[in-house]
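Everything in the sequence shown is counted per the working numbering, starting at 568 for the first residue and increasing by one.
From the three backbone atoms N, C-alpha and C, an ideal C-beta is built for every residue, glycine too.
Scroll down for the structure; my scribbles are underneath it.
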Amino acid sequence: MSDNEEEEYFYRSSIIIPGPYIPKTLGEIYDKLGGMVLHVPRKFKKKTGYFPETFLEADFYELNNGLELVREKLGEDDYAKAIDMSARAKALFEADPDMTTGQAEDGIVLLDEISDLIRNARRRRVRARLKDELGEISGD
Numbered sequence: 568m569s570d571n572e573e574e575e576y577f578y579r580s581s582i583i584i585p586g587p588y589i590p591k592t593l594g595e596i597y598d599k600l601g602g603m604v605l606h607v608p609r610k611f612k613k614k615t616g617y618f619p620e621t622f623l624e625a626d627f628y629e630l631n632n633g634l635e636l637v638r639e640k641l642g643e644d645d646y647a648k649a650i651d652m653s654a655r656a657k658a659l660f661e662a663d664p665d666m667t668t669g670q671a672e673d674g675i676v677l678l679d680e681i682s683d684l685i686r687n688a689r690r691r692r693v694r695a696r697l698k699d700e701l702g703e704i705s706g707d
């Protein structure tokens with residue numbers, strides 16, 4: 568048994584992830600973006616085969632699918648901007664996996680700009696007194 572196989576055998580998680588977590592509200596997407604920014608450095612180095620949902624490809628899959636779910640709440644213009652910024656941020660993170668060239672920091676800025684779009688959409692919804700799926704005025 569190689570060292571890598573042995574490591575995978577002994578550190579295998581018993582937690583089964585049924586599928587990717589897709590944020591369904593503006594608030595959940597906002598939280599997702601915050602988590603992505605906080606954990607950027609560790610997303611590039613896959614040391615084991617476990618918890619693949621914590622890596623870059625899965626995070627952007629979840630983000631983009633979440634944005635699709637709230638597309639109407641964001642508005643077409645902001646949705647298009649968010650998807651474009653998401654694609655650019657992912658490319659920047661992939662180009663700078665060790666965070667040495669500054670491109671990853673530019674990707675973080677883009678994620679922050681997506682957060683601004685989400686925050687502004689939530690403010691618009693509260694000002695317009697639009698109710699969420701639970702019948703509350705929450706911005707979601």
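Just reading off the alpha helix (DSSP H) that residue i is part of, what are its end residues?
i             : result
lysine 591    : Run containing lysine 591: none; DSSP gives neither H nor E here.
arginine 696  : Careful: arginine 696 lies outside any alpha helix (DSSP H) and carries neither H nor E.
aspartate 626 : 623 to 636
Sort the options by Cα distance to residue i and report the nearest one.
i              : options                        : result
arginine 689   : Phe627, Glu639, Met652, Gly602 : Glu639
asparagine 687 : Arg696, Gly706, Pro585         : Gly706
alanine 658    : Leu677, Ala647, Glu643         : Leu677
Is DSSP giving residue i helix, strand or coil here?
i              : result
methionine 557 : For the chain, the structure presents residues 568 to 707; residue 557 sits outside this window and is missing.
aspartate 707  : coil
glycine 602    : helix
glycine 522    : Any question about residue 522 goes unanswered here, given that the chain covers just 568 to 707.
leucine 659    : helix
glutamate 620  : Residue placement at glutamate 620 is flagged as unreliable, the pLDDT there being 44, under the threshold of 50; the coordinate-derived value follows with that caveat. Helix, per DSSP.
Are the CB atoms of residue j and residue i within a distance shorter than 8 Å?
i                 : j              : result
phenylalanine 660 : valine 604     : no
glutamate 680     : methionine 652 : yes
arginine 671      : aspartate 663  : Per the sequence shown, residue 671 should be read as alanine rather than arginine. Contact flag set, yes.
serine 599        : proline 590    : Residue 599 is actually lysine in this sequence, not serine. A contact, by the Cβ cut-off of 8 Å.
leucine 636       : alanine 649    : no
isoleucine 685    : tyrosine 597   : yes
Using a C-beta cutoff of 8 Å, does residue i count as contacting chain B?
i             : result
threonine 667 : As a matter of chain content, chain B is missing from the structure shown, which is built from one protein chain.
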